[in-house]
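Q:
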Amino acid sequence: MFLEITIRRNPELVREAFKLHRQGLIESNTYVIDLDAVRENARLIKDSAEKHGIKLYFITKQFGRNPILAKTISEVGIEKAVAVDIDEARVLYRNGIKIGHLGHLVQIPMSAIKEALVMKPEVITCFDVDKIKQINEVAKEIGVVQNILLRVVGDRDYFYPGQEGGIKFEGLENTAKKIKTLTHVKIVGVTSFPCFLYNENSQRIEPTENALTVKKAANLLREMGFEITQINGPSSTCVSSIPLLEKMGFTHGEPGHAFTGTTPLHAHSLEPEKPAIVYVSEVSHIFEDRAYVLGGGLYRRARVQKAYVPSKELLLDVDDIPPEFIDYYIPIKNNKNRVNVGDTVIFAFRTQIFVTRAKLAVIGGLQKGEPNLLGIFNPLGDQIVI
Numbered sequence: 024m025f026l027e028i029t030i031r032r033n034p035e036l037v038r039e040a041f042k043l044h045r046q047g048l049i050e051s052n053t054y055v056i057d058l059d060a061v062r063e064n065a066r067l068i069k070d071s072a073e074k075h076g077i078k079l080y081f082i083t084k085q086f087g088r089n090p091i092l093a094k095t096i097s098e099v100g101i102e103k104a105v106a107v108d109i110d111e112a113r114v115l116y117r118n119g120i121k122i123g124h125l126g127h128l129v130q131i132p133m134s135a136i137k138e139a140l141v142m143k144p145e146v147i148t149c150f151d152v153d154k155i156k157q158i159n160e161v162a163k164e165i166g167v168v169q170n171i172l173l174r175v176v177g178d179r180d181y182f183y184p185g186q187e188g189g190i191k192f193e194g195l196e197n198t199a200k201k202i203k204t205l206t207h208v209k210i211v212g213v214t215s216f217p218c219f220l221y222n223e224n225s226q227r228i229e230p231t232e233n234a235l236t237v238k239k240a241a242n243l244l245r246e247m248g249f250e251i252t253q254i255n256g257p258s259s260t261c262v263s264s265i266p267l268l269e270k271m272g273f274t275h276g277e278p279g280h281a282f283t284g285t286t287p288l289h290a291h292s293l294e295p296e297k298p299a300i301v302y303v304s305e306v307s308h309i310f311e312d313r314a315y316v317l318g319g320g321l322y323r324r325a326r327v328q329k330a331y332v333p334s335k336e337l338l339l340d341v342d343d344i345p346p347e348f349i350d351y352y353i354p355i356k357n358n359k360n361r362v363n364v365g366d367t368v369i370f371a372f373r374t375q376i377f378v379t380r381a382k383l384a385v386i387g388g389l390q391k392g393e394p395n396l397l398g399i400f401n402p403l404g405d406q407i408v409i
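At position 27 of the sequence shown (counting the first as 1) the number is 50 in the numbering used here, and the numbers step up by one without a gap.
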């Protein structure tokens, strides 16, 4: 999905990833990230947000909750993270990252609410009154008032399978009245997901029905007298989409893939953010007209299409990945039997490292011509090699 544009725009990353693998400094099934490029991408995103009056929480799940990357983004000036679940929040908090947003996409388990509140998140997203009551009781116990966002759902809204949930718009007024009686939570905003998506026909990022529902919900709550300070519009936040957030009246965005130049928009047009991540593996074996590459780093929506064999400068097609696929191997079409066992293979596709069994290597100094392997991490943000 991103391989050819990565080869063109960040050939240094491709060369260094190949070199590290051939030298045995990284194993197969390892993502390699260019820290310099991530830093510059973060600066571009921050500058765009400041220009358009948008506040940001950064997402880390797609690059494995990595603490080096998180600290770098924070140092650039995007200071707070959105943790999609409590485990991500723990890793970030342990590494000194401020938590801006919790509970979205994954609600906080009842037994972890106190731990979550101690992290002092700026906001917590809630899907229903029952969860809000749980948070209210724990907040009362420890003597804090927790700001919350309501995830509001309209009849025509779209959710990825298994991610459904929220307060129906038609019931929002009554629900908000109930929440208002609780003493240790405060409604400060609304959100949903996804609020913006890439449209392949128009080749632009556009608002979804969810975004329209969020705006309607914010207006209704304001009419009821609530002080709404956050209208949060996650998904596809990047330099090119931030003006759209401002135009539609959103206050917050949540960049993630933009830091590595891997939103769907980045696969189709020349964007300010530079590609900053590749996946490295090797040919395990040959069978008939296929070369089978060691896997472990794919997920279902990776949309991997091409594979690059640097030693032979070959760009090869990858077989379509069926839903029942487990990525023990990645089959690529071995045209004219030109690929050999042991060859290094490089990919670039849409990542969600935290749901894989891959490793992540962080490279500093690459854009200055002084590459330095800063560490190798597991997919959950723990350093395994210094």
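Each residue gets a CB set at the ideal place from its N, CA and C atoms; glycine is no exception. Computed from a predicted model, the values in this text were never measured in an experiment.
For residue 124, list the residues DSSP reports as bridge partners.
A: Beta-bridge pairing links residue 124 to 105, 146.
Q: Tell me the rounded alpha-carbon separation between residue 171 and residue 380.
A: In a straight line, the C-alpha of residue 171 is about 33 Å away from that of residue 380.
Q: Residue 60 to residue 329, Cα distance in whole Å?
A: Spanning the two alpha carbons is a distance of roughly 22 Å.
Q: Where DSSP assigns a beta bridge to residue 139, which residues make up the other side?
A: Beta-bridge pairing links residue 139 to no other residue.
Q: Given a threshold of 16 other Cβ atoms within 10 Å of its Cβ, counted over all protein chains shown, does residue 189 qualify as buried or as exposed?
A: With 16 or more other Cβ atoms within 10 Å, it is buried.
Q: Name the DSSP beta bridge partners of residue 190, please?
A: Paired residues: 175.
Q: Just checking my contact of residue 102 with residue 88 at CB under 8 Å: how many whole Å lie between their CB atoms?
A: With 8 Å as the limit, residue 102 and residue 88 do not qualify as a contact, their Cβ atoms being about 17 Å apart.
Q: May I ask which residues mark the beginning and end of the alpha helix (DSSP H) holding residue 202?
A: Segment 195-203, the alpha helix (DSSP H) holding residue 202.
Q: Exposed or buried, what is residue 264 when buried is set at 16 or more other beta-carbons lying within 10 Å of its beta-carbon?
A: So residue 264 ends up on the buried side.
Q: For residue 44, report the span of its alpha helix (DSSP H) as first-last.
A: Start and end: 34-45.
Q: Considering just the uninterrupted stretch of the beta strand (DSSP E) at residue 305, what are its terminal residues?
A: Taken as a continuous stretch (DSSP letters only), the beta strand (DSSP E) holding residue 305 covers 300-310.
Q: Rounding to the nearest angstrom, what Cα-Cα distance links residue 280 and residue 227 in this structure?
A: Each residue's Cα considered, the two are about 16 Å apart.
Q: Return the CA-CA distance between residue 167 and residue 206, expressed in angstroms with no decimal places.
A: Cα to Cα, the separation comes out at about 10 Å.
Q: Using alpha carbons as the reference points, say which of 34, 138, 296, 175 lies closest to residue 71.
A: Of the listed residues, the one whose Cα sits closest to residue 71 is 296.
Q: Any beta-carbon of chain D closer than 8 Å to the one on residue 25?
A: The chain inventory of the structure shown lacks chain D, comprising one protein chain alone.
Q: What first and last residue would you give for the alpha helix (DSSP H) that runs through residue 159?
A: Per DSSP, residue 159 belongs to the alpha helix (DSSP H) from 152-165.
Q: So, at 6 Å on beta carbons, what are the nonlocal neighbours of residue 339 in its own chain, with the 5 sequence-adjacent residues on each side left out?
A: Taken in chain order, the residues that qualify are 330, 355, 356.
Q: Measure the C-alpha to C-alpha separation of residue 181 and residue 364 and round it to an integer number of angstroms.
A: Residue 181 and residue 364: Cα-Cα distance of roughly 44 Å.
Q: Below 8 Å on the Cβ atoms is my contact criterion, and I expect residue 376 with residue 86 to pass it. Report the Cβ-Cβ distance as a whole number of Å.
A: Confirmed, about 6 Å.
Q: Keeping to the same chain, check which residues put their C-beta closer than 8 Å to that of residue 195; ignore five residues upstream and five downstream.
A: Same-chain partners within the cutoff: 173, 175, 240, 243, 244.
Q: Apply the 10 Å Cβ neighbour rule to residue 252 and answer buried if 16 or more other Cβ atoms are within range, or exposed otherwise.
A: Counting Cβ neighbours within 10 Å, residue 252 comes out exposed, since fewer than 16 surround it.
Q: Going by Cα to Cα distance, which pick from 234, 116, 37 is closest to residue 332?
A: Residue 332 has its Cα closest to that of 37, out of 234, 116, 37.
Q: For residue 154, I'd like the list of residues in its chain whose CB is within less than 6 Å of its CB, leaving aside the five on either flank, ordered along the chain.
A: If we look at residue 154 and ignore the five residues flanking it on each side, its Cβ neighbours are 130.
Q: Report the rounded CA-to-CA distance for residue 45 versus residue 367, giving the unit in angstroms.
A: For residue 45 and residue 367, the distance between alpha carbons rounds to 7 Å.
Q: Could you spell out where the alpha helix (DSSP H) holding residue 65 opens and where it closes?
A: Where residue 65 is concerned, the enclosing alpha helix (DSSP H) stretches over 58-75.
Q: For residue 290, which three-state DSSP category applies?
A: Helix.
Q: Which value, in whole angstroms, describes the spacing of the CA atoms of residue 121 and residue 127?
A: Going from the Cα of residue 121 to the Cα of residue 127 covers about 16 Å.
Q: Comparing C-alpha positions only, which one of 303, 261, 342 sits nearest to residue 47?
A: Out of 303, 261, 342, 303 has the C-alpha closest to the C-alpha of residue 47.
Q: Opposite residue 406 in the DSSP bridges: which residues?
A: Bridge partners of residue 406: 400.
Q: DSSP on residue 90, reduced to helix/strand/coil?
A: In this structure, residue 90 counts as helix in the three-state DSSP scheme.
Q: Is it buried or exposed for residue 141, if we count other Cβ within 10 angstroms and need 16 for buried?
A: Exposed is the call here.
Q: Count the other CB atoms, across all protein chains shown, that sit within 10 Å of the CB of residue 293; report buried if there are 16 or more and exposed otherwise.
A: Residue 293 comes out exposed.
Q: Please list, in chain order, all residues of the same chain as residue 408 whose beta carbon is under 6 Å from its beta carbon, the five residues on each side excluded.
A: 399, listed in sequence order.
Q: What does the alpha-carbon distance come out to for the pair residue 307 and residue 223?
A: If you take the alpha carbons of residue 307 and residue 223, they lie about 35 Å apart.
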